[in-house]
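Protein chains in written order, with the working numbering: chain P, -15 to 505; chain A, 80 to 256.
Ideal Cβ placement from N, Cα and C applies to all residues, glycine included.
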Amino acid sequence: MLCGHAVRIRCARHSRRGSCTGGSNRFLALRRSRFKVDGQVRQSGTEARCSRNTKLGEMKLNESAGLFRLAKDERGQATIFMALCMSTVLLGFFALAMDAGMLYRQKRLVQTAADAGALAAAAGESSGASISTSAQTAATQNGLTVGAGRGQATVAASLLAQNGNTGYVQVAVTEHTPTLFLGAFSARFNPLDISAVAQASYTITNSACFTALSQTGAAVAGVSGAETNGSTSMTWGTTVMSDIAVTGNGQLLSPSCGVQACGPASEANGNGDTAAALFAAGSGLINASSNAAPSWGTDNSGSTVKAVTSTQACSGDPMASQMPSAPTPGTCIDPSWMSQGTAGGNAETISSGTYCNFNTANVSTLTMNPGLYVVTKTFSTNSASKIVGNGVTFYLANGAIANASNYTYVSGGATPYGVGNGTTMNISAPTTGTYAGIALWDGNSSNSTPDTVTWGGGSSSTFSGAIYAPNSNLVFNNGSGTSTISSSVVANTISVTGGAKIQNNFTSTGAAASGGVNLVE
Amino acid sequence: MRKLLHLIASRRAAHRALRFHLAILRDESGASFIEVGIILGILGPLMLLGTAGAAGLIYAAIEVSDSAHAGAAYAAQYYISSSDTALPTSTQVSTAAQNDASELTAMLKSGTNLTVTMATGCNGGAATAGNTVPVCSTGVLPYVQVTTQATVVPLTAFAGLPKSISMSNTATINLVN
């Protein structure tokens, strides 16, 4: 009746002017058609005129039916309508604002957890701990619950490609955040996933360029007579057990980084010592940078270190946590010249794959295409060979069979490998991929039967990449030329004899006090 | 008679005028617009104020949690630059956190401030209040924990709702170098 009243008033008003025709009647008709409501015109003066316009509908309303009239009464419906509009649409906006705000706050919390997680993972990676565990611990410390359920967060840590001595770890935290109101619209909105990603860098602090892991050492000949180590006078037994031993005119130089030996312990000032972690006899020289830790064997003056006892706990294999899983040998693809031998010293080129007996006996120059070379039985090179490989990783598989034809030093191990006298071996490790940074990897599985990897006299080699042989004895023999290594060397023991000179130019950028863990993203 | 007629006429005119005004008052066309206006005028600002107030509280919560993060990050950075030997004092951490949350000041309850507390510990262990550099066993990372707390006054005060709300957040960062 709201609209009916409106009609009546209009009618009445216009009728007073004496006319209800023309514009007013059109207006009247418009009103009627718009609201589709019958207007009951009671005033006699206007009835005649308005009745024309009320023909559209009948006015048979029983006005005495109050309740019915109340039900038909449309007054106030806009109020109800608007209130409903407000309470649904505006409340929806309110809910959206609330949830969006809460999600923004949660995003900050998740980002904080990701940042802390990335830092912890970088620290973990550089100290040998699991990156996933480190990141999850940090996320938990910042109030998140690790898990896949509602209100929980998944924390994923992954290693990114290294850039020189800088490694990167990325931590992605995704929280399945419950929402307050949005779930009412769609179950997809409750919970909502909030993700934050952070990357942290760490310096690959392999600051001990030479690491010998053996706790017992390998036997080398002792020195007769008294030696002085600083102000200490020492005498040696006939045999000395040593991890890193340099005898004769050998030199082991490590100008930019440290030397680490895990044992054996020796009597610091004793006589008749039979053990030293580092042992330099005769004119042998071990010279390592004092700026790098661990600093065993440090001698800034460049004078010979006679013997050094480990004064700190050995920090263990520095590369173990960075190594990929060992490759599985495939079918041997030895070319015929490896086993049959061809006279004349041909130049040959080989590609990556598995080789049973890697032998360069009749090759003048061997060019190795990039890739992984798995050697399952023997590895030996001829004296006149030159081996050149860029982006190459040698993997010497566990349990290979000995072949003693081209090497001269076998000590204790069942599986000697050798680089022959006078061989020039220039190998650079791949810079990317699974085996990035690894030039030579000896997969011998037990240090109780160590392999012996020998560089023959006069050989001159350059390795740009790590030599990782934790269960092998590395031997650099009489008269080896200068072997230059530009990465870490990890072995069971290291022995430099005669005039061999081995220099590691690896520069570790991380000083002891700062491993360089930084948030980079 | 003329006067009488005139009087009657004027009275009729007055009556007409009165009826005209009454008619305006009774005119209900456009009433729904007025109702809409009233509802909008009352509910709209209420909802707007409520939303703005809630958003303000959320903003304050973000500020509080961010400032905790800033304080912890400052402490971790300080640790590195001091060669792993020292942590900043609580006052320094507090300053760092408050600098990060400078916008929060206007929202705080009068007489209160953003309070910052710090604690340290080793991973897996309980935190100890203060700025002592924790000594952890090998392989266990130390951490610094910064907690910020603020008492925030909502933008709008509604009956039945608290006049001020206390919010706090803790950020933990491993001390690594």
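Looking at the structure shown, is L240 (chain A) part of a helix, part of a strand, or coil, going by DSSP? Correct three-state label for L240 (chain A): coil.
What do you reckon, are the CB atoms on S348 (chain P) and S369 (chain P) nearer than 9 Å? Result yes, Cβ atoms of S348 (chain P) and S369 (chain P) sit closer than 9 Å.
Starting from Y357 (chain P), follow the beta strand (DSSP E) in both directions and report where the run begins and ends. From DSSP, the beta strand (DSSP E) with Y357 (chain P) extends over 355 to 364.
Taking DSSP as the reference, what is the three-state secondary structure of L220 (chain A)? Three-state DSSP puts L220 (chain A) in coil, outside helix and strand.
Can you tell which of P:W439, P:A453, P:S448 has its C-alpha closest to the C-alpha of S429 (chain P)? The residue among P:W439, P:A453, P:S448 with its C-alpha nearest the C-alpha of S429 (chain P) is P:A453.
At 9 Å on the CB atoms, spell out the chain A contacts of M82 (chain P), in chain order. Those within 9 Å of M82 (chain P) in chain A are T130, A133, A134, I137.
Completely contained beta strand (DSSP E) runs for the stretch 84 to 156 of chain P, where each covers 3 or more residues: Note on the stretch 84 to 156 of chain P: whole beta strand (DSSP E) runs with a minimum of 3 residues are 137 to 147, in chain order.
State the Cα-Cα distance for the pair V94 (chain P) and E159 (chain P), rounded to the nearest angstrom. Distance between the alpha carbons of V94 (chain P) and E159 (chain P): 7 Å.
Just the chain A side, please: which residues come within less than 8 Å of F78 (chain P) by C-beta, in chain order? The answer, in chain order, is M126, G129, T130, A133.
From V225 (chain A) to A265 (chain P), what distance separates their C-alpha atoms? Cα to Cα, V225 (chain A) sits roughly 55 Å from A265 (chain P).
Against Q125 (chain P), what residues of chain A qualify as contacts under a CB-to-CB distance less than 7 Å, listed in chain order? Per Cβ cutoff of 7 Å: Y222, T251.
If we call anything under 9 Å between Cβ atoms a contact, is A156 (chain P) one with A104 (chain P)? Not closer than 9 Å, so no.
Can you give me the C-alpha to C-alpha distance between L87 (chain P) and Q136 (chain P), rounded to a whole angstrom? For L87 (chain P) and Q136 (chain P), the distance between alpha carbons rounds to 14 Å.
Hey, does A205 (chain A) have any beta-carbon neighbour from chain P nearer than 9 Å? No, because no Cβ of chain P sits closer than 9 Å to the Cβ of A205 (chain A).
At least one CB of chain P closer than 9 Å to the CB of T210 (chain A): is that the case? For the sequence presented, residue 210 (chain A) should be read as Asn rather than Thr. It does not: the Cβ of N210 (chain A) has no partner Cβ on chain P nearer than 9 Å.
Does M126 (chain A) come out as helix, strand or coil in the three-state DSSP assignment? Assignment of M126 (chain A) by DSSP, reduced to helix, strand and coil, places it in the helix class.
Can you tell me which of the three DSSP states F263 (chain P) falls into? Note: F263 (chain P) maps to strand in three-state DSSP.
Partner residues on chain A for M86 (chain P), Cβ-Cβ distance less than 8 Å: Ordered by position in chain A, the residues that pass the 8 Å Cβ test against M86 (chain P) are I137.
Hey, how far is the Cα of A208 (chain A) from the Cα of R134 (chain P)? A straight-line Cα-Cα distance of about 33 Å links A208 (chain A) and R134 (chain P).
Of all the residues that make up the stretch 173 to 207 of chain A, which are near chain P by a beta-carbon distance shorter than 7 Å? When CB distances to chain P are screened at a threshold of 7 Å, the residues of the stretch 173 to 207 of chain A falling below it are N202, in chain order.
Could you list which residues in chain P have their beta carbon closer than 9 Å to that of H94 (chain A), in chain order? Against chain P, a Cβ distance below 9 Å from H94 (chain A) picks out nothing, because the smallest value is about 11 Å.
Along the chain, where does the alpha helix (DSSP H) that runs through N457 (chain P) open and close? Segment 450 to 460 is the beta strand (DSSP E) holding N457 (chain P); no alpha helix (DSSP H) there.
Kindly indicate the opening and closing residues of the alpha helix (DSSP H) around Q61 (chain P). Segment 61 to 69, the alpha helix (DSSP H) holding Q61 (chain P).
Can you say whether H94 (chain A) is buried or exposed, counting buried as having 16 or more other CB atoms within 10 angstroms of its CB? H94 (chain A) is classed as exposed because its beta carbon has fewer than 16 other beta carbons within 10 Å across all chains shown.
Could you tell me which of P:A331, P:Y379, P:P354 sits nearest to A310 (chain P), measuring between CA atoms? In terms of Cα proximity to A310 (chain P), the closest of P:A331, P:Y379, P:P354 is P:Y379.
Using the C-alpha atoms, what's the distance from N455 (chain P) back to T433 (chain P)? In a straight line, the C-alpha of T433 (chain P) is about 8 Å away from that of N455 (chain P).
Express the C-alpha separation of A171 (chain P) and T150 (chain P) in angstroms, rounding to a whole number. Distance between T150 (chain P) and A171 (chain P), taken at the CA atoms: about 44 Å.
Since I believe W425 (chain P) is in contact with T377 (chain P) (beta carbons under 8 Å), could you give me their beta-carbon distance rounded to a whole number of angstroms? So it is a contact: roughly 7 Å between Cβ atoms.
The alpha helix (DSSP H) with Q171 (chain A) in it runs from where to where? Taken as a continuous stretch (DSSP letters only), the alpha helix (DSSP H) holding Q171 (chain A) covers 169 to 179.
So if I threshold CB-CB distances at 7 Å, which residues from the stretch 153 to 169 of chain P count as touching chain A? Within the stretch 153 to 169 of chain P, no residue qualifies.
Given T195 (chain P) as reference, the closest of P:Q61, P:I451, P:G483 once Cα atoms are compared: Per the Cα distances, P:I451.
Note down, in chain order, all residues in the stretch 128 to 145 of chain P with a beta-carbon under 9 Å from any beta-carbon belonging to chain A. When CB distances to chain A are screened at a threshold of 9 Å, not a single residue of the stretch 128 to 145 of chain P falls below it.
If I'm right that G449 (chain P) touches A475 (chain P) with Cβ under 8 Å, what's the distance once you round it to whole angstroms? Contact flag wrong, Cβ pair sits at about 15 Å.
Top-ranked residue by Cα proximity to K188 (chain A), from A:T230, A:S161, A:V214, A:C215: The shortest Cα separation from K188 (chain A) among A:T230, A:S161, A:V214, A:C215 belongs to A:T230.
Where L166 (chain A) meets chain P, residues with beta-carbon distance less than 8 Å: What L166 (chain A) touches in chain P: nothing, since even the nearest Cβ is about 15 Å away.
Using DSSP bridges, identify the partner residues of C193 (chain P). Residue pairing by DSSP places C193 (chain P) opposite no residue, since no beta bridge is assigned to it.
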